[in-house]
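One structure is given here, and the rest of the page talks about it.
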Amino acid sequence: MNPMTVTIRPMQADDLEQVVAIDRLSFSLPWPESAFRYELMENKHARLWVASMTDAAGSEKIVGAVVVWIIVDQAHIATLAVHPEFRRMGVGQQLLIAVLQDALLSGMATATLEVRRGNLAAQALYRKFGFEVVGYRPRYYKDNQEDALIMTVELQHVSADRLLGGSGSGSPTCTQHEPLTERRDRV
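Residue numbers 0 to 186, in numbering that gives the first Met the number 0, belong to the letters of the sequence shown in order.
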């Protein structure tokens, strides 16, 4: 059986409908389309990636997305979502690898994010790449007052093996990796 092939590429305006749908399926407080559109079209400090698959007929389906804000020497992962049908298949891991590779190539010192205290699957993924809990934001999420854990990794400590695809069996093959610095030329 061939592993699932996932393409990681910069988000484009044509992806917004599918990205918004994934966000709505993933979060109780999803971003509105206008927020994604702003990040994609106007925020020069944002980098957006999508994970896609192509079916037998050649149609591309977006299966995940991530938004990263570049803040001085830090890559802040603002949101990362994978379509429910494609979770636990390595898609989130491939998106995270793309983010961390791009952050390293861009000279970032750290990567950081907030994650729900109860989202143990996401926390496990982040810990796999060296993220550690450095604090929390009490009652951060407005839907249920859940705390957000603040997780950070110093990029010099990220495993090169993991970033180069040493992700183990069962993970998708990533067929494309473009630097995000090229993204704005295609929007």
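Just so it is clear, CB atoms sit at the ideal spot from N, CA and C, and this is done for glycine as well. Being a predicted model, the structure only gives us computed values, none of them experimental.
My output table needs one value for L119: the three-state DSSP class, helix, strand or coil. helix
Cβ atoms of I21 and G63: under 8 Å apart, would you say? Contact annotation: G63 and I21 have beta-carbon atoms nearer than 8 Å.
Cα separation between W30 and A56? Each residue's alpha carbon lies about 31 Å from the other.
Which runs of the beta strand (DSSP E) at least 3 residues long sit entirely within the stretch 134 to 158? Give them in chain order. 147 to 153
With DSSP as the reference, label G91 as helix, strand or coil. helix
For V133, does the count of other Cβ atoms within 10 angstroms reach 16, so buried, or fall short, so exposed? exposed
Quick one: Cα of K127 to Cα of H156, how far? 12 Å
Can you check whether the CB of L154 is closer than 8 Å to the CB of A120? no
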